[in-house]
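Residue numbers (our numbering), protein chains in the order written: chain A, 43 to 277; chain B, 32 to 265. All residues carry an ideal CB built from backbone N, CA and C; glycine is no exception.
Encoded structure:
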C-alpha cells in the first residue's frame, strides 16, 4: 500500500464551460481521514468522483492508490470503496444478490462467508432475501455500507455517508471510519454535517466555488469550534 | 489491512453480470415478454397485410422474419441499460475494477439469450403464417442463421446502446444509430433463410450469407474492443 493514497496537483474539472473544480491540491495519507465540507456547488462531490475514477481531470495530475489516473484507473479501483448518494444496488435484486454481484466484480474470495458477515454487521440478515425496492432508505444506506466494505478497500470515499442513517447506523459507520484509521486505511468524507467532523476526520478541507479555501487538522477541536471556523472560512 | 482481493478474473465478472441480468429479467419479465408480444403482433399484422392464407408468401419468408426480428431487437437493445440508468447503479459498476468490454460482453450475451427466446416463437410462427412447402425440414439451418445474426445484433446493439446511454435523447438516438447498422444483418440473415426455406436448399448462397454474418460479428467485436473504454469514459 502506498504511503500517499491520494495525491492531486492542480486538478481541474468542468461541466461544459462551468468549472466545478479549479486547480485543487489534495493529499490523503494512509491512516488519514479527510473531511471535505463546503456549500452546495462547491465542487466537493465532483472532486470525490474524480478520486473515485468516475470523472477524468481536465487538467492537473491525480494519483490514487499509487496509480496515475486515468491510465492506472483499473488498478486503482481495486483499492477503492465508494459510498455515493445512491445505494448503487439493483432494486429488484435482494441485498444478498447485490453483494454477490459486487463480490464477483471484485473477485472477493470466500464470497458467501464475507457477505454473511457483512449482512450481519450492518444488521440486514433478516431482510437479506427481500428485494432492495422494499427496504427503507436507511436500510439501503446500510446495504451501501456493506457493498463499500465488501472487498476490504484501502481507500474509502464517502459522499454524505450519514444521510438517512438512524442512530445505530451512524454508530456503525463511525466505528468503521475509526477502524479505517486504526488499520492504516484512508478515507475522504464529503459532508455537510460539520459538527460531526471532529468524530470522523483528522483533517478538514473546505471548498468554495471549486477551490480549496482551507486545509487544516481538526485534532483537539470540538464541534462548535469547527463550525465556527467553517463559517468563518466560507463567509 | 490489505485489500482482500487480487485482480479478479474477467470470467467471474462476466458470469456475475450475466447472472444479474437474467435474474432481473426473471424477476421483472419486462423485456422478453414485451419482445415476444411485439414480434407476434408484428407478424400477425403482416400476415393480414400481405394477403390471405391462400397467397404463397414463401419467397418473402426471410425478409418478413428478419424485418420483424430487427425491430424486435431495437426494443430489447433499447432496454439494455434501463435498470442501471433508472436505478442509478452504473457508478457502482464503473467504480469496480471491471474491463469495460466485459460490461459489453455481458449485455451482449443477455441480448443473444433474449433474441433466442423470441426466435423460438417467431421461427415456427413464420412457417405457419407464410410458408407453403417443406419449411420444417430447414429449421436447424434457420436456427444457425439466427444464432449468427443474434451475435451480430447483440454486438452492434450493445455498442450503440452504450453510446446512447449518455445522451439526453437516447430513445431517439438508439434506433437512428442501430437500425442502419442492422441493414447488412437483415439482408444476410434474410438471404440465408430464403436459401434454405421452402426446400430451396441453395447451400452455396447459405454459406456465403453465413460467412458475411461471421465477418460482420468479427468487425463489430473489434470495434467494441477498441472503443468501449471510451464509451464509458466521462
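| Item | Value |
| --- | --- |
| Proximity to residue 241 of chain B [Cα-Cα], best of B:263, B:209 and B:174 | B:174 |
| Spatial neighbours of residue 189 of chain A in its chain, beta-carbon cut-off 6 angstroms, leaving aside the 5 residues before and after | 144 |
| Within 8 angstroms, strictly: CB atoms of residue 145 of chain B and residue 109 of chain B | no |
| Interface residues of chain B facing residue 257 of chain A [CB-CB closer than 9 angstroms] | Under the 9 angstroms cutoff, chain B gives no residues; its nearest Cβ is about 25 angstroms from residue 257 of chain A. |
| Inter-residue Cα distance where the pair is residue 62 of chain A and residue 93 of chain A | 14 angstroms |
| Contact set between residue 127 of chain B and chain A, taken where Cβ atoms lie within less than 8 angstroms | 119, 144, 147 and 148 |
| Beta-ladder partner(s) of residue 149 of chain B, from DSSP | Answer is none; residue 149 of chain B lacks a bridge partner. |
| Proximity below 8 angstroms, CB of residue 190 of chain B to CB of residue 254 of chain B | yes |
| Beta-carbon neighbours of residue 110 of chain B, restricted to chain A and to distances below 9 angstroms | Result: empty, since nearest Cβ-Cβ is about 13 angstroms, beyond 9 angstroms. |
| Delimiting residues of the alpha helix (DSSP H) encompassing residue 117 of chain B | 113–117 |
| Between the CA atoms of residue 142 of chain B and residue 182 of chain B - distance to the nearest angstrom | 8 angstroms |
| Closest residue to residue 87 of chain B among B:232, B:163 and B:119 (Cα-Cα distance) | B:163 |
| Distance, residue 132 of chain A Cα to residue 126 of chain A Cα | 14 angstroms |
| Residue 249 of chain B in three-state terms, based on DSSP | helix |
| Nonlocal neighbours in the same chain, by C-beta distance under 8 angstroms from residue 173 of chain A, ignoring five residues either side | 133, 134, 135 and 136 |
| Backbone CA spacing between residue 215 of chain B and residue 105 of chain A [nearest angstrom] | 45 angstroms |
| Own chain, CB closer than 8 angstroms to residue 81 of chain A, minus 5 neighbours either side, in chain order | 250 and 276 |
| Selection from A:111, A:169 and A:113 that minimises the alpha carbon distance to residue 139 of chain A | A:169 |
| Below-8 angstroms beta-carbon distance, residue 72 of chain A vs any chain B residue | no |
| Cβ distance (whole Å) where residue 192 of chain A is taken to contact residue 141 of chain A below 8 angstroms | 6 angstroms |
| Reference residue 199 of chain A; option with closest CA among A:56, A:269, A:186 and A:207 | A:186 |
| Range of the contiguous alpha helix (DSSP H) that encloses residue 202 of chain B | 201–227 |
| 8 angstroms Cβ cutoff, residue 88 of chain A in contact with chain B | no |
| Residue 58 of chain A burial status per 10 Å Cβ neighbour count (16 or more: buried) | exposed |
| Pair within 8 angstroms by beta-carbon distance, residue 84 of chain A and residue 264 of chain A | no |
| CB contact check: residue 98 of chain A to chain B, cutoff 8 angstroms | yes |
| Cβ-based neighbour list, residue 245 of chain A, same chain, cut-off 8 angstroms, excluding 5 preceding and 5 following | 74, 75, 76, 77, 257, 258, 259 and 260 |
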